[in-house]
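In this note's numbering, the protein residues as written are 7 to 262. Just so it is clear, CB atoms sit at the ideal spot from N, CA and C, and this is done for glycine as well. Data first, discussion second: the structure below is written as structure tokens.
In structure tokens form, the structure reads like this:
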């Protein structure tokens, strides 16, 4: 089930139910189009508010995890729906466990400094029977650059390797645009069931390049503050949080 916050779909099902949906999709015999998972947070919603095409990309996804305490707060504040935050990196970990258990091959598509390769090595050190590959992708300057990427070659790699889950960590909105183009190519090639998930900066955390906030910070919803302290350059980006809170309040009290 999905509900909207500021025009963007958010999946309201419990994580257990979402995982069961993904597992059932991957176990089906009949070929279906790729299943897309995105991870909307307040920053992405603010970007979407000024970019209708990004809004469409988010809303075309099959699953939109409530990644961020701001999403959980807005769901309760506006709609009275109590949600539990489902962070992208936690759900990625759940899918890795699913892949390891069922011997699914995974793919990691990432950016600079071979972070996807380092993340894959880290995962395989924990899951010794995990089969996977990584694809280093150059930084895209524009949507046009993404469209010129050789998706046919990547689609072939996914099909020939029997890959079932592909994680794309290029940052929003590029990763969502990349996934959209890849999904279309997979459909052309009749690839069948493949999960495509946008994972933002998760590879950096898995590879150990960026430490994740301690459990106590995650538990009280201050992971964003921990990251801001560790990465002060995020300050300008996180100013979007104040605008987000203002728009949610405006929606609550003036456009009911």
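C-beta atoms of residue i and residue j nearer than 7 Å
i           : j           : result
residue 126 : residue 106 : no
residue 205 : residue 94  : yes
residue 175 : residue 116 : yes
residue 72  : residue 89  : yes
residue 209 : residue 187 : no
residue 195 : residue 154 : no
residue 250 : residue 46  : no
residue 123 : residue 140 : yes
residue 171 : residue 247 : no
Beta-carbon proximity list for residue i, same chain, < 7 Å, skipping 5 on both sides
i           : result
residue 80  : 11 and 254
residue 24  : 17 and 69
residue 264 : Residue 264 is absent from the structure shown; the chain starts at 7 and stops at 262.
residue 65  : 14 and 15
residue 121 : 209, 210, 213 and 215
residue 67  : 42, 43 and 44
residue 53  : 60, 178 and 179
Beta-bridge partners of residue i, as assigned by DSSP
i           : result
residue 141 : 115
residue 202 : 42 and 172
residue 165 : Note: residue 165 sits in no beta bridge, so no partner.
residue 190 : Answer is none; residue 190 lacks a bridge partner.
residue 14  : 11
residue 69  : 43
Residue interval of the alpha helix (DSSP H) (run including residue i)
i           : result
residue 78  : 75-80
residue 255 : 246-260
residue 208 : 208-213
residue 146 : No alpha helix (DSSP H) holds residue 146; DSSP gives it neither H nor E.
residue 134 : Premise fails: residue 134 is in no alpha helix (DSSP H) and is neither H nor E.
residue 28  : 21-33
residue 94  : 94-108
residue 48  : 48-54
Residues near residue i in its chain [Cβ-Cβ closer than 8 Å; skip 5 each side]
i           : result
residue 189 : 39, 40, 42 and 202
residue 31  : 38, 41, 199 and 201
residue 8   : 15, 16, 17, 18 and 70
residue 258 : 83 and 84
Residue range of the beta strand (DSSP E) that includes residue i
i          : result
residue 11 : 8-11
Cutoff 6 Å; reference residue i; Cβ partners in own chain excluding five residues on either side
i           : result
residue 198 : 37
residue 21  : 92
residue 130 : 136
The segment 48-65 contacting the segment 175-188, beta-carbon criterion three pairs below 8 Å | Yes: the two stretches touch, three or more of their Cβ pairs being nearer than 8 Å.
State whether the segment 149-164 contacts the segment 23-37, with contact taken as three or more CB pairs (one from each stretch) at a distance under 8 Å.
-> With the rule of 3 Cβ pairs closer than 8 Å, the segment 149-164 does not count as touching the segment 23-37.
Any chance the segment 107-116 sits against the segment 73-87, with 3 or more Cβ pairs inside 8 Å?
-> They do not touch, by the three-pair rule.
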